[in-house]
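Shown next, in structure tokens, is the structure this report addresses.
In this note's numbering, the protein residues as written are 93 to 409.
Shown next, in the form of structure tokens:
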């Protein structure tokens with residue numbers, strides 16, 4: 093509805109497309125102006141916080157030398173600890189140990205897949221499901237409820253994603269010095285939250301589907317899109333690091349990440365609308381496949397971003 097168009101980025105993009113299709117020039121220019129204003133603000137902040145080139149190079153070299161030095165010189169204060177043998181889904185070594193370690197640390201919070209943020213998302217899914225149930229009784233189409241559920245959950249997830257742990261992973265020397273391909277190391281370093289997002293999406297969408305009586309296929313297809321959105325956000329953050337440099341301000345990286353993510357999602361709005369309309373014309377029960385197709389698109393874009401950002405592990409970003 094029009095009341096959702098006040099939401100920054102996603103709502104403005106929807107309002108822009110809706111007004112453009114309706115031929116409303118005033119609101120089309122208004123939403124376009126809002127998005128352009130936000131883009132200009134992001135660019136100004138990036139320019140303002142951008143370090144000088146040579147200073148950035150020296151800082152990056154210093155960080156790299158410190159990581160190598162800490163890795164080569166053992167700490168004399170370290171206590172002997174019991175090493176547990178563990179593996180995940182048959183992956184016992186290589187770059188997959190980054191995923192294994194994060195899953196082990198994640199398990200200490202609440203469970204391997206859920207933490208306090210997950211419990212908050214589940215509570216939000218209950219509220220959202222109750223709201224959609226009331227809209228169902230008022231005659232809202234199921235495909236609109238599916239889109240609304242995915243938009244609300246994904247929008248909230250982007251702002252609660254644990255980006256701090258991922259940044260800490262890049263500050264440690266292990267990912268730089270361990271053998272393996274840079275692409276795989278970056279991929280596995282960001283996979284644990286994506287696995288968690290998939291499990292979280294299954295639970296949340298199941299709750300929403302039970303309340304609103306949505307098609308069962310919406311749960312796995314929606315969970316795939318939910319998890320792929322998390323992967324895409326990590327890929328956008330890596331791209332911002334590759335573009336601005338590792339030593340740049342973290343808030344600047346976040347702004348550029350949101351800008352890249354918004355650009356991809358705006359394109360997906362038109363692509364999803366086109367595919368969804370074709371699927372719905374064949375059969376309304378096929379509409380959930382739209383989310384699965386968009387999830388594949390998100391993964392493909394993420395792979396491209398990961399591949400382009402792999403050089404940040406060479407101390408040259």
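All C-beta atoms, glycine included, are put in the ideal place defined by N, C-alpha and C.
Listed in chain order, the beta strand (DSSP E) elements of length 3 or more contained wholly in the stretch 263-351 amount to none. Residue 190 is not a Cβ neighbour of residue 268, given a cutoff of 8 Å.
Taking C-beta atoms as the reference points, residue 354 and residue 325 fail to come closer than 8 Å.
Looking at the backbone, the Cα of residue 296 and that of residue 379 are separated by about 19 Å.
The three-state reading of DSSP puts residue 231 in coil, since its state is none of H, G, I, E or B. One Cα belongs to residue 346, the other to residue 208, and the distance between them is close to 23 Å. Burial check for residue 373: the Cβ neighbour count within 10 Å stays below 16, so the residue is exposed. Out of 382, 253, 390 and 222, the CA that lies nearest to the CA of residue 301 is found in 222. Distances from the CA of residue 319 to each of 289, 358, 226 and 120 were compared; the closest alpha carbon is that of 289.
Residue environment analysis places residue 286 among the buried positions, since at least 16 neighbouring C-beta atoms fall within 10 angstroms of its C-beta. With fewer than three CB-CB distances shorter than 8 Å, the stretch 268-277 does not count as touching the stretch 239-253.
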